[in-house]
Amino acid sequence: MGGSNDEATRNNVGIKNGIQYVTINAGGGYYPNLSSAQAGIPTKLIVKTRGVYDCSSALFIPSINYQNILPQTGDTEIDIGIPQIGEPLRGICGMGMYNFAVNFD
Amino acid sequence: MLTTYTFHVSGTHCAACRILIEDILKEQDFVKSAKVDLKKEIVQIETDSGKDQGELAQVLNEKIKQNGYILSVEKKIQENTQDNVIWHAIPIGLVFLILFFLLQKSGILNFSIGGKTTPTTSFIIGLIASVSSCLVVVGGLILSLSAKIAEDDRELNKKPFFLFHLGRLLGFAFLGGILGLIGGAIGINFVFSAILGIIASLIMILLGINLLGILKKNTLTLPSHIFSFFRKVEHTTLAPIVVGVGTFFLPCGFTQSMQVVALSSESFTSGFLTMFAFALGTLPVLAFLSFGSISFAHSKYAPLFFKSAGVIVLGLGVFALLAGLAGLGIIDPLFNI
């Protein structure tokens with residue numbers, strides 16, 4: 109765990125009205141690739157796309173059984189419920205080429 | 503007076519080799535007939551030259567050596583040229599693979615196109631898709647099938663390739679039109695395309711190993727129904743078209759995005775045009791892969807080409823398989839290119 113946690117960022121995480129938002133930019137991969145957020149509070153993922161046609165627009169999140177082709181341009185809000193400690197959220201593109209993870213602590 | 507001699511021949515890895523060796527040998531004035539038996543790895547020639555068998559072996563060996571075959575009076579246990587070719591092919595294949603993945607990593611392809619998707623932007627997206635990570639599955643499959651067909655068929659048979667590309671263009675157009683007609687009623691199924699991608703990657707791995715010829719008898723024996731599938735691809739009209747149309751369903755983020763564009767257009771014409779323009783954009787690179795394969799396959803670099811293609815196809819196949827399994831959530835993602 110330790111090694112990969114070092115690179116995790118919290119810059120893309122914010123809490124508004126009791127809901128935690130984790131923002132991921134999709135396009136040629138997912139950025140930030142690894143983020144850290146708080147566990148135990150209602151959390152939503154915002155996936156931003158700006159003129160994206162590549163694999164990252166075909167988003168698959170196995171743990172919540174989310175699969176969708178994101179709009180070419182837009183912000184997609186995905187409800188991920190109340191995350192638990194030690195259960196990272198993993199997203200992957202349809203072909204499995206790009207992925208991202210959010211750790212909860 | 504005609505004398506019949508039997509030589510051992512090594513380096514034969516395909517049905518086409520038989521024809522090639524026979525042709526080269528028959529070009530010699532003093533060779534009246536040549537017959538290769540691939541199973542026994544022997545060649546029988548009838549000659550009116552007065553030379554003894556040892557001398558003949560030396561003369562004829564000079565002629566076929568450059569193509570990677572060795573003719574000998576005694577049976578050779580280990581063939582060396584085969585090994586030499588593979589030591590050239592591995593670095594060539596690896597360089598291609600590394601360049602390809604560096605291109606993906608470089609971010610050059612991470613463009614964004616704003617605004618409405620028109621047939622023109624679809625075409626540009628197709629051009630980019632054809633050198634993107636989509637090439638792993640679609641391009642890898644085309645390269646492996648093309649090389650395999652070229653290896654099995656020594657005649658310069660371009661028909662299956664024309665039919666394949668025609669099937670791909672028209673298939674994309676009509677299926678795009680149908681998506682437009684149906685509108686938002688259907689979703690694009692990730693699991694379905696991921697499974698197709700895994701099947702494609704398995705075919706690539708199988709053909710890659712086959713092209714490399716690294717297994718014992720120099721050929722991996724394909725299960726007979728798969729083999730008959732390839733024969734069909736080679737020799738019928740319908741099969742290459744079906745494979746071409748089938749590429750519509752292969753996992754490729756760009757294709758899937760364009761399918762969504764076609765879906766949301768809610769008109770047959772614009773769905774048709776979007777997907778047709780996209781497929782047209784992918785055509786130059788894919789056509790180069792297939793027609794380039796057959797040109798190489800009929801040049802003197804053929805043995806090197808087949809082995810290099812084998813390395814590339816095997817690498818892409820393994821990558822696509824791992825990515826496909828990760829996409830289905832079966833294994834953890836190993837790459838992030």
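Protein chains in written order, with the working numbering: chain A, 109 to 213; chain B, 503 to 839. All C-beta atoms in this analysis are idealised placements derived from N, C-alpha and C, irrespective of residue type, glycine included.
DSSP has residue i in a bridge; who is on the other side?
i         : result
Glu543(B) : Answer by DSSP bridge pairing: none, since Glu543(B) is not bridged.
Ser512(B) : Ile572(B)
Val130(A) : Val121(A) and Leu153(A)
Arg158(A) : Thr181(A)
Ala147(A) : Ala147(A) is not bridged to any residue.
Val538(B) : Val545(B)
Phe168(A) : Gln175(A) and Ile200(A)
Leu142(A) : Ala209(A)
Val533(B) : Thr549(B)
Thr505(B) : Thr549(B)
When the Cα atoms are used, what is the spatial distance from residue i to residue j?
i         : j         : result
Pro742(B) : Gly202(A) : 26 angstroms
Phe750(B) : Tyr161(A) : 16 angstroms
Leu558(B) : Gly673(B) : 55 angstroms
Leu627(B) : Pro662(B) : Residue 627(B) is actually Ile in this sequence, not Leu. Near 26 angstroms, if we compare the C-alpha coordinates of Pro662(B) and Ile627(B).
Gly826(B) : Gly135(A) : 19 angstroms
Ser766(B) : Cys163(A) : 19 angstroms
Gly513(B) : Val744(B) : 34 angstroms
Trp589(B) : Glu564(B) : 22 angstroms
Ser635(B) : Ile572(B) : 40 angstroms
Gly122(A) : Leu604(B) : 34 angstroms
Phe780(B) : Val763(B) : 11 angstroms
Gly819(B) : Val639(B) : 7 angstroms
Leu823(B) : Thr619(B) : 31 angstroms
Ser759(B) : Pro196(A) : 27 angstroms
Arg520(B) : Asp654(B) : 10 angstroms
Val575(B) : Val511(B) : 9 angstroms
Ser772(B) : Thr623(B) : 13 angstroms
Gly678(B) : Glu768(B) : 10 angstroms
Glu543(B) : Ala536(B) : 13 angstroms
Pro179(A) : Lys156(A) : 9 angstroms
Ile832(B) : Ala696(B) : 11 angstroms
Asp187(A) : Thr757(B) : 27 angstroms
Pro805(B) : Leu596(B) : 17 angstroms
- the stretch 700 to 709 of chain B in contact with the stretch 760 to 778 of chain B per 3-pair CB rule at 8 angstroms: no
- Message: Threshold first: 4 residues or longer. Then list the alpha helix (DSSP H) segments lying entirely within the stretch 170 to 211 of chain A, N to C.
- Response: Those alpha helix (DSSP H) runs which fall completely within the stretch 170 to 211 of chain A and span 4+ residues do not exist here.
- Stretch pair the stretch 794 to 802 of chain B + the stretch 171 to 181 of chain A: three plus CB contacts closer than 8 angstroms: no
- Item | Contact the stretch 183 to 193 of chain A vs the stretch 127 to 147 of chain A: 3+ CB pairs below 8 angstroms | yes
- Query: Any residues in the stretch 141 to 166 of chain A with a beta carbon nearer than 7 angstroms to a beta carbon of chain B? Which ones, in chain order?
  - Reply: Asn141, Arg158, Gly159, Val160, Tyr161, Asp162, Cys163, Ser164, Ser165 and Ala166
- Secondary structure, alpha helix (DSSP H): runs of 4+ residues fully inside the stretch 599 to 666 of chain B: Annotation note: the stretch 599 to 666 of chain B contains the following uninterrupted alpha helix (DSSP H) runs of length 4 or greater, listed N- to C-terminal: 621 to 631 and 642 to 654.
- Message: Output needed in chain order: residues of the stretch 177 to 199 of chain A with a Cβ under 9 angstroms from some Cβ in chain B.
- Response: Ile177, Leu178, Pro179, Gln180, Thr181 and Arg198
- Message: What are the residues in the stretch 767 to 790 of chain B lying within 8 angstroms of chain A by C-beta distance?
- Response: Residues of the stretch 767 to 790 of chain B whose Cβ lies closer than 8 angstroms to any Cβ of chain A: none.
- Would you call the stretch 643 to 655 of chain B and the stretch 706 to 717 of chain B in contact, with 3 or more CB pairs under 8 angstroms? yes
- Could I get the ranges of all uninterrupted alpha helix (DSSP H) runs contained in the stretch 742 to 814 of chain B, with 4 residues as the minimum, in chain order? Runs of the alpha helix (DSSP H) inside the stretch 742 to 814 of chain B: 755 to 767 and 770 to 799.
- Where the stretch 530 to 545 of chain B meets chain A: residues whose CB sits under 8 angstroms from a CB there: none
- Message: Beta carbons nearer than 9 angstroms to chain A: which residues of the stretch 635 to 663 of chain B have them?
- Response: Ser635, Cys636, Val638 and Val639
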